[in-house]
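Notes to accompany the following structure.
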Amino acid sequence: MTLAAVRPGGWNLPLFVHIGGAMLLVAALVVVAAAMGAAVRRGDGALELTRVAYRALLLGVLPAYVVMRGGAEWIVSKEGVEDASWVGVGYSTADGGLLLVIVAAVLAWRATRRGDDAPGGAGRAVVVLAGVLLLAYAVAIWAMTAKPG
Amino acid sequence: MSLYDWLLFLHVAAAFALVSGLATFGVLVLGDGGPALRRALAAPAIALWNAGGIGVLVLGLGLAIDVDAYQPWDGWILGAIVLWLVASGVGGPLSRSVRDPSAGPAPERARLLFAVAAGATLLLLVDMVFKPGA
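So the protein lines, in turn, are chains A and B. The opening residue of the first sequence carries number 1 in my numbering; numbering runs sequentially from there. The opening residue of the second sequence carries number 1001 in my numbering; numbering runs sequentially from there.
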C-alpha cells in the first residue's frame, strides 16, 4: 500500500493545462510518424500523406508544445521545484525537442514541395526525428511520474 | 522504483496512448482524406485506442487498490469508470467506421461518435487531475 501525495487545489489547473498540452503534443507526433512513415513506404497517396504529416506538425505539434511548455512554467512556479532533477529532465526534453520539431517541420515542408516525388529523404528524416521525439517524451513522462531524485 | 511509481508511469503512458488513438481517429473522421490516409492511420488509431483504454482502466484500478487514500468505489473513480464505459461504447463503431467506411456508421454519425469519445476522454482527464470529492 502507498500513501498518495495530496496536491493543493491550486495546482490542479496548471497541471491540467500541462498534461493536456503534452498529450496533444504526443498525439500529433504519432499522426506525423504514422502518416509520414506510410508516405515513405508506399507510392500511392504519398503526397497526400506527406501534407497530412506537415499539417500535423504545424497545426498540432507546435501549438500543443506552446500549451505544454506554458503549463510547465505555470505548475513549476506553483510547486517551487525549479531545481529538482526530474524538472531538469523535463526542461531538457522540452527545449531540445522544440529544436527537433522545428527541423522536422522545415523538412516536412520541403518534402511537400517535391510533388509526385514526395516525400523522399526529407520524409525519411522526419520519421526518424518523430521517433526520437516520441522516445524522448516517453523518458519525460517517466521522469514526471516517478520523479527520480 | 516502487510499485506505485511503475503503476503511475504506465497508467499515464496508457492515457497518452489513448489520446493519441483518439487524435488519429479525429484526423480520419473529421478530415477529408482518401483511402491512402485511411490505410495509413486506421490501424495505429485502433491499436492505440484499444491498448490505451485497457491500460488506463487496469492500471488505474491497480493504483486505486495500491494507494491508501483511494478506494475503487470513491466517487471520482466510479465517475471515471462510467466515462471509460461511455468512451469504450462509442469506440467500437468508431473503429469499424475508420477501418471500413462502407461497413461502419455514416460519416455524420461517425463524427458524432468521435465527439462523444473526445468529450468523455476530456472529462476523464479533468476527473483524474481534479479528483472531485477526493
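Each residue gets a CB set at the ideal place from its N, CA and C atoms; glycine is no exception.
Straight-line measurement puts the Cα of A1115 of chain B at about 20 Å from the Cα of A64 of chain A.
About 46 Å separates the Cβ atoms of P8 of chain A and T50 of chain A, ruling out a contact at the 8 Å cut-off.
Per DSSP, R1039 of chain B is one residue of the alpha helix (DSSP H) stretching across 1035 to 1066. Here the C-alpha atom of R55 of chain A lies approximately 44 Å from the C-alpha atom of A1069 of chain B. The shortest C-alpha to C-alpha distance from A1064 of chain B to any of B:I1054, B:R1039, B:G1052, B:I1077 is the one to B:I1077. Scanning A:L15, A:M23, A:G60, A:V139 for the CA closest to the CA of E73 of chain A turns up A:L15. By the rule that beta-carbons nearer than 9 Å mark a contact, L129 of chain A does not touch chain B.
Shown in chain order are the members of the stretch 40 to 51 of chain A whose Cβ falls below 8 Å from a Cβ of chain B: R42, D44, G45, A46, E48, L49. Our two residues, G90 of chain A and A28 of chain A, have alpha carbons roughly 19 Å apart in a direct line.
Of the residues A:G121, A:V101, A:G123, the one whose Cα lies closest to the Cα of L59 of chain A is A:V101. At a cut-off of 9 Å, the C-beta of A138 of chain A has a neighbouring C-beta in chain B.
P119 of chain A carries a coil assignment under DSSP once its states are collapsed to helix, strand and coil. Contacts with chain A at 9 Å (Cβ-Cβ) do not include V1098 of chain B. If you compare the alpha carbons of A:R41, A:V76, A:G37, A:A46 with that of H18 of chain A, the shortest gap goes to A:V76. Interface flag for R1039 of chain B against chain A is set, since a Cβ pair is found closer than 9 Å.
Think of a sphere of 7 Å around the beta carbon of T112 of chain A: no beta carbon from chain B falls inside it, the nearest being about 15 Å out.
Legend: CB atoms of the stretch 1043 to 1061 of chain B lying less than 9 Å from CB atoms of chain A belong to residues A1043, P1044, A1045, L1048.
For M1001 of chain B, there is no enclosing alpha helix (DSSP H), since its DSSP letter is neither H nor E. Between F1025 of chain B and the set B:M1001, B:I1081, B:G1092, B:W1084, the nearest pair of CA atoms involves B:G1092. Each of B:A1017, B:W1006, B:V1029 was checked against the Cα of G1104 of chain B, and the nearest Cα belongs to B:V1029. The residue from B:A1043, B:P1107, B:A1015 with its alpha-carbon nearest to that of D1032 of chain B is B:P1107.
A Cβ-Cβ separation of about 20 Å leaves A1047 of chain B out of contact with G1060 of chain B under the 8 Å criterion. With respect to chain B, the C-beta atom of L15 of chain A has a partner C-beta closer than 9 Å. By the CB criterion at 9 Å, L129 of chain A and L107 of chain A fall inside the cutoff.
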